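*Asks:*
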Amino acid sequence: GEDVEQSLFLSVREGDSSVINCTYTDSSSTYLYWYKQEPGAGLQLLTYIFSNMDMKQDQRLTVLLNKKDKHLSLRIADTQTGDSAIYFCAERGNYGQNFVFGPGTRLSVLP
Amino acid sequence: EPEVTQTPSHQVTQMGQEVILRCVPISNHLYFYWYRQILGQKVEFLVSFYNNEISEKSEIFDDQFSVERPDGSNFTLKIRSTKLEDSAMYFCASGTGFYEQYFGPGTRLTVT
């Protein structure tokens, strides 16, 4: 079945760039998403990319998609302490309506 | 900015009891979803709902679960006879189309 994997932890220093990586197995994925979850809060949609794109930039966020390798990344420029959270990668295939989520990457930003 | 809301934020219930988790989706959205996240595990899809009926459900969504849109604003998840393993964070989501889902803050369900 479909599967989405991420590394579980990432630590960066404030002001550095963070790169969170994700791999997925479903080659029919049409949309890929990044969600952010702060402690005690819900899932906040950060950005998404359609599978016919290879890059999307939105202010400090850059999403890169390598469809051949089924690899998605989220780069956060000038990482701030407020970026500390769990980041979830998710994909949606061609036919199902549900999203399949990765396990989440816990980003810790050190001062 | 409109957002999905969920009540209660935390529900404690005894095993075997029925619970109803409530959600108010964003008002012009047509697609509604429930997901759950057991502590330390992945967010898992439960069910999607469109045009007043279930459009897709996972194998987790067995006969003890049901969903309803009782009026024009609420979307509910009922668990008929709760089990210890139903303890999780339950997220409601809504969207205008298949490609977007906006999530609520979640209801933490604790079954004792």
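Protein sequences, first through last, are from chains A and B. So that you can map any letter, position 51 of the first sequence is 51 in the numbering used here, and since no number is skipped, the others follow by simple counting. Count along the second sequence from 1, add 111, and you get the number used in the numbering used here. Where is the CB? At the ideal position from N, CA and C, for every residue including glycine. Note that the structure is a prediction, hence the values are computed from the model and not measured.
Decide if Phe186 (chain B) is buried, meaning its Cβ has at least 16 other Cβ atoms within 10 Å, or exposed.
*Replies:* Residue numbering aside, residue 186 (chain B) sits at position 75 when the second sequence is read from its first letter. So Phe186 (chain B) ends up on the buried side.
*Asks:* Can the beta-carbon of Phe214 (chain B) be found less than 8 Å from the beta-carbon of Ala204 (chain B)?
*Replies:* Locating residue 214 (chain B) in the second sequence gives position 103, where the first residue counts as 1. Locating residue 204 (chain B) in the second sequence gives position 93, where the first residue counts as 1. In contact: Phe214 (chain B) and Ala204 (chain B) (Cβ atoms closer than 8 Å).
*Asks:* At a CB-CB cut-off below 7 Å, which residues of chain B make contact with Asn52 (chain A)?
*Replies:* By one-based count along the first sequence, residue 52 (chain A) stands at place 52. What Asn52 (chain A) touches in chain B: nothing, since even the nearest Cβ is about 13 Å away.
*Asks:* Using a C-beta to C-beta distance shorter than 8 Å, which residues of chain B count as neighbours of Pro103 (chain A)?
*Replies:* Along the first sequence, read from residue 1 onward, the residue named residue 103 (chain A) stands at position 103. Per Cβ cutoff of 8 Å: Gln152 and Lys153.
*Asks:* Kindly say whether Asn98 (chain A), judged by its beta-carbon, lies nearer than 8 Å to any beta-carbon of chain B.
*Replies:* Counted from its first residue, the first sequence places residue 98 (chain A) at position 98. Closer than 8 Å to some Cβ of chain B, the Cβ of Asn98 (chain A) qualifies, so yes.
*Asks:* Run through DSSP, which three-state label would Asp197 (chain B) get?
*Replies:* Translated into the one-based positions of the second sequence, residue 197 (chain B) becomes position 86. Of the three classes helix, strand and coil, the one that applies to Asp197 (chain B) here is helix, per DSSP.
*Asks:* Nearest chain A C-beta to Cys217 (chain B) closer than 8 Å, yes or no?
*Replies:* For the purposes of this step, residue 217 (chain B) is identified with residue 106 of the second sequence, where counting begins at 1. Looking at the sequence shown, residue 217 (chain B) is not Cys but Gly. Judged by the 8 Å Cβ criterion, Gly217 (chain B) is in contact with chain A.
*Asks:* Kindly list, in the order they appear in chain A, the residues whose Cβ is closer than 9 Å to that of Ser177 (chain B).
*Replies:* Your numbering for residue 177 (chain B) matches position 66 in the second sequence. Under the 9 Å cutoff, chain A gives no residues; its nearest Cβ is about 18 Å from Ser177 (chain B).
*Asks:* With 9 Å as the limit, tell me which residues of the segment 81-93 of chain A have their beta carbon closer than that to any beta carbon of chain B; keep them in chain order.
*Replies:* Residues passing the 9 Å Cβ filter: Phe88, Ala90 and Arg92.
*Asks:* Per DSSP, His121 (chain B) is paired with what?
*Replies:* Counting from 1 along the second sequence, the entry for residue 121 (chain B) is found at position 10. Bridge partners of His121 (chain B): B:Arg219.
*Asks:* Report yes or no: is there a C-beta of chain B within less than 8 Å of the C-beta of Tyr24 (chain A)?
*Replies:* Counted from its first residue, the first sequence places residue 24 (chain A) at position 24. Taking Cβ atoms only, chain B never reaches closer than 8 Å to Tyr24 (chain A), which makes this a no.
*Asks:* Determine the direct distance from the alpha carbon of Phe172 (chain B) to that of Glu164 (chain B), and round the result to whole angstroms.
*Replies:* Walking along the second sequence from the start, residue 164 (chain B) turns up at place 53. Walking along the second sequence from the start, residue 172 (chain B) turns up at place 61. Those two C-alpha atoms are separated by around 14 Å.
*Asks:* Which residues in chain B sit within 9 Å of Leu45 (chain A), going by Cβ to Cβ distance?
*Replies:* As a working note, residue 45 (chain A) is residue 45 in the first sequence. Result: Glu211, Gln212, Tyr213 and Phe214.
*Asks:* For Glu170 (chain B), count neighbouring C-beta atoms within 10 Å of its own C-beta (all shown protein chains included) and say buried if the count is 16 or more, exposed if not.
*Replies:* For the purposes of this step, residue 170 (chain B) is taken as residue 59 along the second sequence, with counting starting at 1. Glu170 (chain B) is exposed by the Cβ-count criterion.
*Asks:* Figure out for me which residue from A:Leu65, A:Ser18, A:Leu46 and A:Ala85 has the closest Cα to the Cα of Thr30 (chain A).
*Replies:* Position 30 of the first sequence, counted from the first residue, corresponds to residue 30 (chain A). Of the candidates A:Leu65, A:Ser18, A:Leu46 and A:Ala85, the one whose C-alpha sits nearest the C-alpha of Thr30 (chain A) is A:Leu65.
*Asks:* For Asp83 (chain A), which three-state DSSP category applies?
*Replies:* Along the first sequence, read from residue 1 onward, the residue named residue 83 (chain A) stands at position 83. Three-state DSSP puts Asp83 (chain A) in a helix.
*Asks:* Assign His140 (chain B) to one of three DSSP states: helix, strand, or coil.
*Replies:* Position 29 of the second sequence, counted from the first residue, corresponds to residue 140 (chain B). His140 (chain B): coil per DSSP, three-state reduction.
*Asks:* Note down the Cα distance separating Leu10 (chain A) from His140 (chain B), rounded to an integer number of angstroms.
*Replies:* Here the question's residue 10 (chain A) lines up with position 10 in the first sequence. Here the question's residue 140 (chain B) lines up with position 29 in the second sequence. Cα to Cα, Leu10 (chain A) sits roughly 35 Å from His140 (chain B).
*Asks:* Note down the Cα distance separating Phe209 (chain B) from Ser159 (chain B), rounded to an integer number of angstroms.
*Replies:* Counted from its first residue, the second sequence places residue 209 (chain B) at position 98. Counted from its first residue, the second sequence places residue 159 (chain B) at position 48. Going from the Cα of Phe209 (chain B) to the Cα of Ser159 (chain B) covers about 10 Å.
*Asks:* Please name the residues in the segment 28-43 of chain A whose beta-carbon is closer than 7 Å to at least one beta-carbon of chain B, in chain order.
*Replies:* Taking 7 Å as the Cβ-Cβ cut-off against chain B, the residues of the segment 28-43 of chain A that qualify are Tyr31, Ala41, Gly42 and Leu43.
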